[in-house]
Amino acid sequence: MFERNSYKMLNYDEYRNLCCLINENPDMISVFDNMSMFSIDELSIDSHDIKNHLAYLKTSFQLLKKKSPELSENKYIIRMEDVLSQLIYHMERTTLYRYSMKKADKKPVNINDIMYEVPDIIDDVIDNTCTFTFCLDNIPDILINPDQLKTLLTEAVQNACEASDCTGEITLITRKSNNYVITEIINNGGLPSHDDSSYLSDYIKLSRPFYSTKSGHIGVGLSIIHQICLSSNGYARLTESDGKTILCIRFPIISEN
């Protein structure tokens with residue numbers, strides 16, 4: 001049976017000492033930066049349990065309001081419910097990132113079968129008035145876990161929807177190119193202004209867990225896409241053309257041999 005180690009968080013003094021150490025030794029920045037990636041993975045292991053505790057607290061506040069209706073107007077109660085809701089959502093996203101790294105059974109799946117479901121899933125997740133256009137060719141199957149593929153496509157389309165302020169035109173394309181199935185999610189929202197000219201080419205930076213260029217976003221959408229691609233021999237990249245953002249995802253077709 002797998003036994004999980006217990007990890008102790010840094011206290012304030014330890015954190016301050018670590019900051020001083022990095023300031024005195026700039027060469028160590030890259031080392032600690034790499035270590036932080038492992039810390040994120042370990043932290044995500046407990047995200048489900050943390051979410052359950054937060055949900056219990058939120059339910060407690062709701063029961064208090066039911067028993068004492070006057071508390072519904074209490075600013076503290078209102079604020080705490082809002083904070084707990086945000087934290088619960090954060091933990092749910094962290095858990096989803098964690099599951100994107102799990103090994104899962106794979107089987108032949110046709111992307112088109114799932115692609116048609118995605119807009120309905122998005123409508124249940126966020127309020128939007130996006131219009132969706134399907135340009136789906138007759139494509140062969142790929143070898144992937146169906147649930148992970150649905151997660152990947154949902155994250156990709158939701159990201160495109162949010163990039164267009166939830167009001168844009170989203171084009172969903174599938175096609176076969178040589179020995180690969182190509183999926184393109186195109187939105188007319190363009191990309192946010194960015195000082196770094198390599199913004200698009202630095203896909204690895206954009207796909208880092210909890211890195212986001214959008215205010216209020218958790219920043220695990222592209223991380224989930226990237227992780228699922230890695231686990232299924234896929235590849236993803238971002239490009240921009242004529243003011244439109246294109247997320248291109250490529251998976252190998254199933255070999256006939």
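First residue of the sequence shown: 1, per the UniProt record's numbering; consecutive thereafter.
For every residue, glycine included, the Cβ atom is placed at its ideal position computed from N, Cα and C.
Since the model is a prediction, treat every value here as computed from it, not as a measurement.
| query | result |
| --- | --- |
| Suppose the cutoff is 8 Å on Cβ atoms and the five residues either side in sequence are ignored; what does the same chain contact list for F61 look like? | I77, M80, E81 and L84 |
| Could you pull the start and end residues of the beta strand (DSSP E) that N187 belongs to? | Y180 to N187 |
| Measure the beta-carbon distance from L64 to L71 and round it to whole angstroms, keeping in mind my assumption that it falls under 8 Å. | 6 Å |
| At which residues does the beta strand (DSSP E) containing E240 begin and terminate? | Y235 to S241 |
| Helix, strand or coil: which one does DSSP assign to N17? | helix |
| Beta-carbon separation of P140 and I254 under 8 Å? | yes |
| How many whole angstroms separate the CB atoms of M188 and G243, which I take to be in contact at a CB cut-off of 8 Å? | Looking at the sequence shown, residue 188 is not Met but Asn. Rounded, the Cβ-Cβ distance is 7 Å, consistent with contact. |
| What number of angstroms, rounded off, separates the C-alpha of T239 from the C-alpha of I185? | 11 Å |
| Answer with buried or exposed for C161, where buried requires no fewer than 16 other C-beta atoms within 10 angstroms of its C-beta. | buried |
| How long is the line joining the alpha carbons of N128 and D27, rounded to whole angstroms? | 46 Å |
| By DSSP, does P140 sit in helix, in strand, or in coil? | coil |
| Report the option in E73, Q158 and K106 whose CA atom is closest to the CA atom of M115. | Q158 |
| Would C19 be called buried (16 or more neighbouring beta carbons within 10 Å of its own) or exposed? | exposed |
| So C161 is in the alpha helix (DSSP H); what residue range does that whole segment cover? | P146 to A163 |
| Roughly how many angstroms lie between the CA atoms of D165 and N25, to the nearest whole one? | 43 Å |
| Rounded to whole angstroms, what's the CA-CA distance from N178 to I121? Just pull it up for me. | 31 Å |
| Determine, using beta carbons only, whether I228 and L152 come nearer to each other than 8 Å. | yes |
| Please report the residue range of the alpha helix (DSSP H) in which P119 lies. | V118 to V125 |
| Check this for me: beta carbons of T183 and I173, under 8 Å apart or not? | yes |
| Figure out for me which residue from Y180, G168, T133 and N112 has the closest Cα to the Cα of L149. | N112 |
| How far does the alpha helix (DSSP H) with I111 in it reach, from first residue to last? | I111 to M115 |
| Since K176 and I144 should fall inside the 8 Å C-beta cutoff, what is the C-beta to C-beta distance between them, to a whole number of angstroms? | The pair is not a contact, with the Cβ atoms about 16 Å apart (cut-off 8 Å). |
| Shortest alpha-carbon distance to N233 belongs to which of I142, D147 and A163? | I142 |
| Skipping 5 residues on each side, what residues in its chain have a beta carbon closer than 7 Å to that of V109? | D141, I142, I144, P146 and L149 |
| Beta-carbon separation of G168 and C130 under 8 Å? | yes |
| Less than 8 Å between C-beta atoms, sequence neighbours within five positions excluded: which residues of the same chain meet that for residue 300? | Because the chain is modelled from 1 through 257, residue 300 falls outside the range shown and cannot be assessed. |
| Does K67 pass the burial test, meaning 16 or more other C-beta atoms within 10 Å, or should it be called exposed? | exposed |
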